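A.B. asks:
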Amino acid sequence: WSEKCDRKIDVPLKKLYTNYKVCSDHFTSSMFLNDLENRLQAHAIP
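Position 40 of the sequence shown, counting from 1, maps to 44 under the working numbering, and the rest follow consecutively.
1. Pull up the distance between the alpha-carbon of P16 and that of E7, whole angstroms please.
2. If you draw a straight line from the C-alpha of Y48 to the C-alpha of L37, how long is it?
3. Just to confirm my understanding: we take L44, look at its own chain, exclude 5 residues before and 5 after, and list those with CB closer than 8 angstroms. What are they?
4. Once DSSP output is grouped into helix, strand and coil, what is the label at L44?
5. Using DSSP's beta-bridge definition, name the partner residues of F31.
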C-alpha cells in the first residue's frame, strides 16, 4: 500500500506493517464494506 499511495518509506516490512496506517483519504468509497468507511474490502487498493 505504501507504493500505491506514493509513499516510499525506508523501514523494514515488519515495522511498516505494525506501525504505519493508511488513512481513508487514499481509498474510494467503493473499497469500503459499509457507509461508516471503517472496514475495507479484502481486495481494497489505495
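Ideal Cβ placement from N, Cα and C applies to all residues, glycine included.
Keep in mind it's a predicted model, so treat the numbers as computed, not measured.
C.D. replies: So, to answer that:
1. Position 12 of the sequence shown, counted from the first residue, corresponds to residue 16. Position 3 of the sequence shown, counted from the first residue, corresponds to residue 7. Approximately 14 angstroms between the Cα atoms of the pair.
2. Here residue 48 refers to the residue found at position 44 when the sequence shown is read from its first residue. Here residue 37 refers to the residue found at position 33 when the sequence shown is read from its first residue. For the record, residue 48 in the displayed sequence is Ala; it is not Tyr. Each residue's alpha carbon lies about 10 angstroms from the other.
3. Residue mapping note: residue 44 aligns to position 40 of the sequence shown, counting from 1. Scanning its chain for C-beta atoms nearer than 8 angstroms, with the 5 sequence neighbours on each side dropped, one finds around L44 the residues F31, M35, F36 and L37, in chain order.
4. Counting from one through the sequence shown, the residue named residue 44 turns up at place 40. Note: L44 maps to strand in three-state DSSP.
5. Indexing the sequence shown from 1 puts residue 31 at position 27. Under DSSP, F31 shares a beta bridge with no residue.
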